[in-house]
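Numbering (full-length UniProt numbering), first residue to last: 1 to 337. Inspection log for the structure reproduced underneath, given as structure tokens.
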């Protein structure tokens with residue numbers, strides 16, 4: 001139950017070896033590895049069969065550059081099964097067909113004898129999991145959580161309107177663009193003066209946003225349809241999927257609830273020493289926020305609606321959007337809660 005690919009973590013790991021057999025489409029005169037005209041820089045992340053790199057291309061005579069994320073999938077890997085190829089085709093098809101401000105953008109697809117390359121929008125802020133882990137408090141303020149939930153709900157509302165279910169909503173698949181506000185930074189006093197001014201200009205702005213990524217498990221699912229494939233990440237997977245029951249689009253809403261919980265609590269709502277222990281906890285353990293976490297009643301209400309073990313009683317999409325709107329309406333600006 002691993003992810004079908006890899007998202008952008010934006011944490012270079014030079015001490016780790018590059019993917020075996022990696023061969024870009026060409027090499028520049030200066031020795032830089034090139035893909036579709038982009039010079040590959042550091043590795044941003046890796047998954048079971050894919051590696052994501054930062055790619056940069058000079059686009060004019062003044063030296064202006066364009067930055068992208070390049071997802072390299074080895075066609076010679078034993079892990080590239082028929083099912084994985086089907087998932088890759090689904091991801092490409094969805095990202096080519098649909099565009100939305102809160103869905104990561106696919107610019108191009110390249111294919112060589114040894115690799116598939118997805119040229120994707122570069123999200124310089126990393127992912128939500130990294131954001132949570134780098135906070136001094138170990139969790140996000142409710143104000144910042146509201147802003148992220150606003151974007152997540154908007155992206156899901158668009159997908160649901162196209163009758164798609166994502167099936168792998170988790171912090172690692174939620175990417176961030178733009179700059180955090182100064183009062184959301186652990187130590188603003190250490191930021192240079194020009195960076196402070198740049199943040200004042202750029203935040204709040206449309207440039208800071210959350211984007212849903214990694215659509216390999218996504219499927220077209222009409223409102224009345226049921227799916228039965230076991231996929232996704234166990235920590236964020238709905239109970240009905242873990243129990244091998246048939247499920248519908250409400251499974252995504254459970255996953256949204258687990259992400260919301262982790263944003264404000266700094267950890268997933270359920271853990272376990274192994275998959276069996278995790279499943280038992282998801283089925284039986286009460287959902288409790290840490291005692292030192294204080295959040296609004298609107299946040300608590302949203303969690304209750306989403307983290308309902310019974311999919312028949314769990315919030316539907318309209319109820320989710322209404323409750324999410326009430327939560328977000330508390331405000332995304334002002335002092336952190």
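Note that the Cβ used here is the ideal one computed from N, Cα and C, for glycine as well.
| Asked | Found |
| --- | --- |
| Can you look up residue 106 in the DSSP assignment and give me helix, strand or coil? | strand |
| Let me know if residue 302 comes out buried or exposed under the rule of 16 or more other beta-carbons within 10 Å of its beta-carbon. | buried |
| Can we say the stretch 209 to 221 touches the stretch 278 to 286, given the rule of at least three CB pairs closer than 8 Å? | no |
| Does the beta-carbon of residue 136 have 16 or more other beta-carbons within 10 angstroms, so that it is buried, or is it exposed? | exposed |
| Helix, strand or coil for residue 93 per DSSP? | helix |
| I need the straight-line Cα distance from residue 144 to residue 130, nearest angstrom please. | 14 Å |
| Please report how far the alpha carbon of residue 21 lies from the alpha carbon of residue 314, in whole angstroms. | Since pLDDT at residue 21 reaches only 35, below the 50 mark, its modelled position is unreliable, and no value is offered. |
| DSSP puts residue 276 in a beta bridge; with which residues? | Paired residue(s): none; residue 276 is not in a bridge. |
| Output needed for residue 52: all residues of its chain with C-beta closer than 6 Å, excluding positions within five of it in sequence on either side, in chain order. | 6, 8, 44, 45, 69 and 71 |
| At 3 residues or longer, what runs of the beta strand (DSSP E) sit wholly inside the stretch 137 to 169? | none |
| Give the straight-line distance between the Cα atoms of residue 288 and residue 298, rounded to the nearest whole angstrom. | 16 Å |
| Expressed to the nearest angstrom, what Euclidean distance is found between the alpha-carbon atoms of residue 260 and residue 62? | 44 Å |
| I'd like the span of the alpha helix (DSSP H) that includes residue 132, first residue to last. | 128 to 133 |
| Would you mind stating whether residue 88 and residue 106 have Cβ atoms separated by less than 7 Å? | no |
| Give the straight-line distance between the Cα atoms of residue 48 and residue 250, rounded to the nearest whole angstrom. | 27 Å |
| Express the C-alpha separation of residue 113 and residue 266 in angstroms, rounding to a whole number. | 43 Å |
| Alpha carbon to alpha carbon, how far is residue 264 from residue 138? | 9 Å |
| For residue 152, which option in 104, 277 and 294 has the closest C-alpha, if you only look at C-alpha atoms? | 104 |
| Residue 242 by DSSP, collapsed to three states: which one? | helix |
| Figure out for me which residue from 73, 50, 74 and 37 has the closest Cα to the Cα of residue 56. | 37 |
| Roughly how many angstroms separate the alpha carbons of residue 170 and residue 58, rounded to a whole number? | 34 Å |
| Out of 269, 102 and 310, state which residue places its alpha-carbon closest to the alpha-carbon of residue 290. | 269 |
| Determine the burial state of residue 147: buried for a count of at least 16 other Cβ atoms within 10 Å of its Cβ, exposed for fewer. | buried |
| Here's the rule I'm using: 16 or more other beta-carbon atoms within 10 Å means buried, otherwise exposed. How should residue 111 be labelled? | exposed |
| Kindly indicate the opening and closing residues of the beta strand (DSSP E) around residue 397. | Missing from the structure shown is residue 397; the chain here goes from 1 to 337 and no further. |
| How would you label residue 165, buried or exposed, when you count the other beta carbons within 10 angstroms and need 16 or more for buried? | buried |
| Taking DSSP as the reference, what is the three-state secondary structure of residue 218? | coil |
| Roughly how many angstroms separate the alpha carbons of residue 304 and residue 256, rounded to a whole number? | 12 Å |
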